[in-house]
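Visitor: Take the numbering used here: the last position of the sequence shown gets the number 487, and nothing is skipped along the way. We treat Cβ as the ideally placed atom computed from N, Cα and C, and that holds for glycine. None of the values given here were measured: they were computed from a predicted structure.
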Amino acid sequence: MVTGRGTNAGLAVLAALAMVTVMPGTVGVASAEDVPSYKTAAPRISGTADTAHAPELEPGLHTDVIGRGETKIYAVPLDAENSGYFSAVAAPKPGSKVENIKDKLTVKVQDREGITCGSESSQYFHAEGTAYPIGDYASREIGGGRTECQKAGPYYVVVTREGSATSGTGDWPIELGYIKEPPVKGSTPSPPPEDSSSTVTPAPPSATDKRRAHGGTGFNDAGAIGTGVWNDRIRPGETRFYKVPVDWGQRLNLSAELPNAPSSSSSSMVSHALGLNIFNPARGAVVEDNFVSYYGKGASAEKYTDPVEYANRFRTTEMAKAMRFAGWYYLEVTLNSAARQYFPQGADLTLRVDVRGSAKPGPAYTAPVPKFTVTDQDREAARTGRTPQEAESSGTLRTVAYAGIGTGVVLLTGLGAWTLVARRRAAGAPAVPGTPGTAGTLPGQAQQPPQPLEAQQGDSTQQARSPRGW
18 MVTGRGTNAG LAVLAALAMV TVMPGTVGVA SAEDVPSYKT AAPRISGTAD
68 TAHAPELEPG LHTDVIGRGE TKIYAVPLDA ENSGYFSAVA APKPGSKVEN
118 IKDKLTVKVQ DREGITCGSE SSQYFHAEGT AYPIGDYASR EIGGGRTECQ
168 KAGPYYVVVT REGSATSGTG DWPIELGYIK EPPVKGSTPS PPPEDSSSTV
218 TPAPPSATDK RRAHGGTGFN DAGAIGTGVW NDRIRPGETR FYKVPVDWGQ
268 RLNLSAELPN APSSSSSSMV SHALGLNIFN PARGAVVEDN FVSYYGKGAS
318 AEKYTDPVEY ANRFRTTEMA KAMRFAGWYY LEVTLNSAAR QYFPQGADLT
368 LRVDVRGSAK PGPAYTAPVP KFTVTDQDRE AARTGRTPQE AESSGTLRTV
418 AYAGIGTGVV LLTGLGAWTL VARRRAAGAP AVPGTPGTAG TLPGQAQQPP
468 QPLEAQQGDS TQQARSPRGW
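Below, the structure written as structure tokens:
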């Protein structure tokens, strides 16, 4: 004899199934008051003050901290075939006390005799006391007519932080990167014409249908964007990171804009209010001092880069030299903390992005270099504007949802057949005391009208929507 308990249990199974796509941890609430700090994504390493005890720096990312006036040294054994790029990004906590020019971070590569390979790189702050991530790379390059640092052997990456007596004394988190670049097959590509950077800057995209961008705190969680007009929010004292895939032969035409201020009694100018800086796939600075002032009537920081060419490394200007790799290019947008007088609740940020030119074949490296490659997945991420976390979350939710729907159809079909058989059997059996025409209930069990299946599925669909990045 089959009673109503079995039917209710079956409905409970379906109700549980309807909740299968509701996964914990997929919805978060971002703080509207505190400016987020740079998010690192690498294991810890502890540099030393001397070469004798320097830890080995392997390819990839590493994190450390550095104090004012401190030098950190890391050992890197190098061969005589591959070039190496060693980046250092300092990310003082938002609100840290920094001074223009006086506070800086320097990175260089030296051989065991203390000779610097190529030139060192120093990065400064340019936002009138507002702290934001700064960084660049130093390199040890093979060939190209170079004579220093060409032999295999031990080398050292040296990172130094300098600051004035009146700047902040707290440690800065630093993120170190090491990328190998293999040689190219055959002859080295010839340098492009020197006048390619002097081309008149074209007008940026002017579409009125802005898409939502999701800026990150740094390189690791930068939001992907592509050609088009994008909108985001930025708070005074905050820096937002975005990334754009740029292939060989392509170039960037960029604009970051602040709107006119809401009605305000303020009339003072904010110097270096909005910054738009650019970094290449190896985290080398393409542009690092691109700030504009603001006095309530709107402002736009713009930049038009050179096309990406392998032979740009032989150019004379630093901006052109940095456009030497295909891959993700990073946009760093900073809003001066002094802009709070105009935007106490934050400002709408408009990004106009134009990836110009057709992609062309790159150099014939002797080994794959994923960091210097643009894939179809990269282009799709840029087209949709999703962060890596959103893309992963969306894929997971979609897989679980499809599995849940498929399982639900099977269970629903089976439950329908089972219920039909149960009713036929019950028709010829003594009924349990209860309401005529219904399945009986156990003593003390209240009659519960079944919930419509459509309502249950509709609720679960609402709960299973992918969360939006902030």
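Suppose the cutoff is 6 angstroms on Cβ atoms and the five residues either side in sequence are ignored; what does the same chain contact list for F142 look like?
Guide: Correct list, in chain order: V115, N117, D120.
Visitor: Just the C-alpha distance for W74 and E98, rounded to the nearest angstrom, thanks.
Guide: Rather than Trp, the amino acid found at residue 74 in this sequence is Leu. L74 and E98: Cα-Cα distance of roughly 18 angstroms.
Visitor: Among the residues of its own chain, which have a CB less than 6 angstroms from the CB of N277, if the five just before and after it don't count?
Guide: Closer than 6 angstroms at the Cβ level, and outside the excluded window around N277, lie K314, G315.
Visitor: Return yes when the Cβ of G232 is within less than 8 angstroms of the Cβ of R252, no when it is not.
Guide: Not in contact: R252 and G232 (Cβ atoms no closer than 8 angstroms).
Visitor: Look at the alpha carbon of A224 and the alpha carbon of L366, and state the distance between them as a whole number of angstroms.
Guide: One C-alpha to the other measures close to 15 angstroms.
Visitor: Using the DSSP secondary-structure output, state which residues sit across from E192 in a beta bridge.
Guide: T80, V106.
Visitor: Let's see if you can read the secondary structure: which residues bound the beta strand (DSSP E) around T351?
Guide: T351 -> beta strand (DSSP E) spans 344–352.
Visitor: Pick from I295, S283, K260: whose alpha carbon is nearest that of A398?
Guide: When each option's Cα is compared against that of A398, the closest is K260.
Visitor: Does the Cβ of M340 have 16 or more other Cβ atoms within 10 Å, making it buried, or fewer, making it exposed?
Guide: Classification of M340: buried, given that the 10 Å Cβ count is 16 or more.
Visitor: Apart from the five residues just before and just after Y195, which ones in its own chain have a Cβ nearer than 6 angstroms to its Cβ?
Guide: Correct list, in chain order: L74, P76, F103.
Visitor: Please state whether DSSP places A236 in a helix, a strand or coil.
Guide: In the sequence as presented, Ala is not what sits at residue 236; that position holds Phe. Here F236 sits in coil by DSSP.
Visitor: Quick check: what's the CA-CA separation for S113 versus V174?
Guide: Cα to Cα, the separation comes out at about 26 angstroms.
Visitor: Which residues bound the alpha helix (DSSP H) around D128?
Guide: D128 -> not in any alpha helix (DSSP H); beta strand (DSSP E) instead, spanning 121–128.
Visitor: Alpha carbon to alpha carbon, how far is N329 from E305? Give it in angstroms, no decimals.
Guide: Distance between the alpha carbons of E305 and N329: 18 angstroms.
Visitor: By the 10 Å Cβ neighbour count, where 16 or more other Cβ atoms means buried, how is N353 classified, buried or exposed?
Guide: N353 should be labelled buried.
Visitor: Taking K260 as part of the beta strand (DSSP E), name the residues at either end of that continuous run.
Guide: Here the beta strand (DSSP E) through K260 covers 256–263.
Visitor: Determine the burial state of G84: buried for a count of at least 16 other Cβ atoms within 10 Å of its Cβ, exposed for fewer.
Guide: G84 is exposed by the Cβ-count criterion.
Visitor: Just the Cα atoms here: how many angstroms apart are Y382 and R228?
Guide: One C-alpha to the other measures close to 36 angstroms.
Visitor: How would you write the range of the beta strand (DSSP E) that T367 sits in, first residue to last?
Guide: 364–373 is the span of the beta strand (DSSP E), which, as asked, contains T367.
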